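Reviewing the structure listed below.
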Amino acid sequence: MYNNGSTLSDEFKRYCLISSELDINSNCEVNIKGNIWAGDGGIKIKDGLTKCKVECDSMYAGGGLNLTDCYNKTSTGVTNFKMSMLAGSKSDSLYPYLAAKKIVVDSSNPASNDTDNNNKNLDVSAACIVGDDLVLESPYSTASFTGTYSGVGSGATSFGNSRSSIILNGKYSSLDMQLEALLLAGQACVNGSLINNIGDTDLGVNFDSKSLNDIVTGESISVRGNQAAYLIPVEYLPFSGNPVLIDEYNTVIYNYDGSSNNERLTNLKNEIVSNISAAKPDVAAHLADTNKIATYFYKPYGTTQLVYFYYNFSEAGAKLYFQENYMNGATDMINQFASLIPVKSININSVVYNVMGNFVTRADSVSQEVRAATGDAGGADNARRRYNNLKAFFSTSTSAVTNADGSAYDYNSASALNYLIKWENIQKSPAESTNVIDSTIDGYRVLVVDNKDFSAVEVPNGFCGIVIATGDVKVATGNAKGLFVAQGKVTLSVNANIEADTTIINAILRNADSYEAPETTTYKVDGEPITLKDVFANYNESSAVEEVGSFVSMEKMIGYANWRKN
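According to our numbering, the sequence shown is numbered sequentially starting from 36.
Written out as structure tokens, the structure is:
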């Protein structure tokens, strides 16, 4: 039992959507009032005119908050996702809590953007805690944040998977952060997983994009142009440029000794390292102990194939290289890459910030400001621990986690879906696509459906009650109040207003014995037809409203007070 004084009746009644994934698409306009929990699938918002306004105490996006193709060429004033505090919230904070594995704005059709539109992809007023990255990937991406922001890492052993940075790769993108505190516990990377597989096996080189490693940079906040600073200068290479066209690469590498092309590439890299060591021993000292040179094979368009040669620095070496070459009077490098920075503007105003790498901003589209804010990992520790505690609570296995002060949380860790619902009582194999419970009492409807292998449950306009589905749920146009729980995904594809309602949940819980399956049902517990109290985990008949089980209080798990002074 999670012993923080917050029972299921207190916390879960403020939730309106609990599912493995939340999809919002088809140019709809959605208003959500209530908390959201989306598991490994995260929250996905698609299409240009899609508007999602969320007022809540807390939102969890285990698979991340992802905006895709949220552009519109002709319309102005479109905000694809807006998050703010729910009026009358019980939270002690001024801001709702947003916990997400990542936040990404991406587009498969960036050419449809205009430079003069007033669209805003993200408008977030929250205490944000982000596991990996905030990435503005597509051109003309715009995002604004107020409140607090901490990137604390996913806790993965791979540095590239826990980089906790802000990366702006989209041309003419802009970021506005008016924060009380900014904490970034890692450094940005050139993302090797995004390198295209050119499908060329002639060289004997493995071009599988999934096998490529991220290249660490010296910044915590990075824009795409800065990534060129980590390319190896052409004077150390036996090529006419960097990147080099694949035909020239093939011609050169064939002149190196080796029984295979992989051996030839190794010998080529060894020669490059020797050239760097001779000309720039200070730079060579910052390289990783092994694999000092990274080679990326990339197919940007058509049949064109390029090979990039990057320095592969150690984590500490990347920061030192950046400090020495950007910060210590190397104006030639700043000028060289200033024209490559594709960002329209970065405006970050933070009372307190702790950035482990170096902090790079470009003040506007004309002038450039580069400044450093070096620091150690100190301020990140408490925030990282809190994020891992939150993640542990929503994991499927029991694990020991600790509070920021070292004391243990007393609960059995489980996913929210499994902690809330006894799925074994309502799920058959295969699913029967049947209503396990479909009852209406006091005007409130309870619908429990076993539809895992069948179509989504359609929630009609005016619905007031609870929907629990072993499969997917789709909310129709109009208004819906109550709680919607799905082992699959919840889809909002038309205009809809969804609202949590404690009155409805209280009334339903008080009458849990009345919501039951018919006598002929195959869904039984101990030989008796299943009732709603058999659906909720840890249901207590003596105190139906007060102790139905425990549920996470996100404001306690990721509270800001314990690490803000760091």
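Glycine residues also receive a C-beta, built at the ideal position from the N, C-alpha and C atoms. Small disclaimer: the values here were computed from a predicted structure and weren't measured.
Of all the options Lys516, Ala515, Asp507 and Ile501, which has the alpha carbon lying nearest to the alpha carbon of Val570? Ile501
Cutoff 6 Å; reference Pro273; Cβ partners in own chain excluding five residues on either side: Val287
Sub-8 Å separation of Asn470 and Leu455 beta-carbons: no
Between Arg480, Tyr265 and Gly513, which has its C-alpha nearest Leu604's C-alpha? Nothing in the structure corresponds to residue 604, since the chain is present only between 36 and 601.
Pairs of beta-carbons, one from the stretch 526-537 and one from the stretch 553-572, closer than 8 Å: are there three or more? Flag = no, the stretch 526-537 and the stretch 553-572 do not touch.
Could you tell me whether the stretch 162-176 touches the stretch 203-212, where touching means 3 or more Cβ pairs closer than 8 Å? yes
Can you give me the C-alpha to C-alpha distance between Leu473 and Ala504, rounded to a whole angstrom? The sequence shown places Asp at residue 473, rather than the Leu named in the question. Roughly 12 Å between the two C-alpha positions.
Under DSSP, the alpha helix (DSSP H) around Arg545 begins and ends at which residues? Thr537 to Arg545
Would you mind giving the Cβ-Cβ distance between Lys79 and Asn101, rounded to the nearest angstrom? I have them listed as a contact below 8 Å. 5 Å
What is the DSSP secondary structure of Asp58, counted as helix, strand or coil? strand
Determine the burial state of Asn297: buried for a count of at least 16 other Cβ atoms within 10 Å of its Cβ, exposed for fewer. exposed
Count the other CB atoms, across all protein chains shown, that sit within 10 Å of the CB of Gly182; report buried if there are 16 or more and exposed otherwise. buried
What did DSSP end up calling Asp141 once you bin it into helix, strand or coil? strand
Would you mind working out which of Lys516, Val159 and Asn310 sits nearest Ile328, comparing C-alpha positions? Asn310
Helix, strand or coil for Val602? Go by DSSP, reduced to three states. The shown model of the chain, from 36 to 601, leaves out residue 602, and the question about it has no answer.
Collapsed DSSP secondary structure at Thr557 in the structure displayed: Three-state DSSP puts Thr557 in coil, outside helix and strand.
Does Thr111 pass the burial test, meaning 16 or more other C-beta atoms within 10 Å, or should it be called exposed? exposed
Can you tell me whether Glu283 is helix, strand or coil according to DSSP? helix
From the DSSP output, which residues share a beta bridge with Gly500? Answer is Arg480 and Gly517, bridged to Gly500.
Roughly how many angstroms separate the alpha carbons of Ile565 and Leu452, rounded to a whole number? 19 Å
Where does the unbroken alpha helix (DSSP H) through Glu270 begin, and where does it stop? Where Glu270 is concerned, there is no enclosing alpha helix (DSSP H), given that its DSSP letter is neither H nor E.
Here's the rule: buried if 16 or more other CB atoms are within 10 angstroms of the residue's CB, otherwise exposed. What is Gln213? exposed
Report buried or exposed for Ala134, applying the criterion of at least 16 other Cβ atoms within 10 angstroms of its Cβ. Under this definition Ala134 is a buried residue.
Proximity winner among Leu210, Ser208, Leu217 and Ser209, relative to Ser199 (alpha-carbon distances): It is Leu217 whose Cα lies nearest to the Cα of Ser199.
Thinking C-beta only, is Tyr345 closer than 8 Å to Val225? The Cβ atoms of Val225 and Tyr345 lie closer than 8 Å to each other.
Can the beta-carbon of Ala220 be found less than 8 Å from the beta-carbon of Ser257? no
Candidates Leu527, Phe47 and Phe332: which alpha carbon is nearest Pro495's? Closest by alpha carbon: Leu527.
Quick one: is Ser448 buried, meaning 16 or more other Cβ sit within 10 Å of its Cβ, or exposed? Confidence at Ser448 is low in this model, with a pLDDT of 37, below 50, so its placement is unreliable and the value that follows should be read with caution. Result: buried.
Proximity winner among Gly352, Thr557 and Ser179, relative to Pro316 (alpha-carbon distances): Gly352
Just mark Thr177 as buried or exposed, buried being the case when its beta carbon has 16 or more other beta carbons within 10 Å. Answer is buried; the Cβ neighbour count reaches 16.
Buried or exposed: which applies to Pro174, given that a residue is buried once 16 or more other Cβ atoms fall within 10 Å of its Cβ? A residue is called buried when at least 16 other Cβ atoms come within 10 angstroms of its Cβ; Pro174 meets this threshold and is buried.
Can the beta-carbon of Ser185 be found closer than 8 Å to that of Cys163? yes
Would you mind sorting Thr557 into buried or exposed? The rule is 16 or more other CB atoms within 10 Å of its CB. exposed
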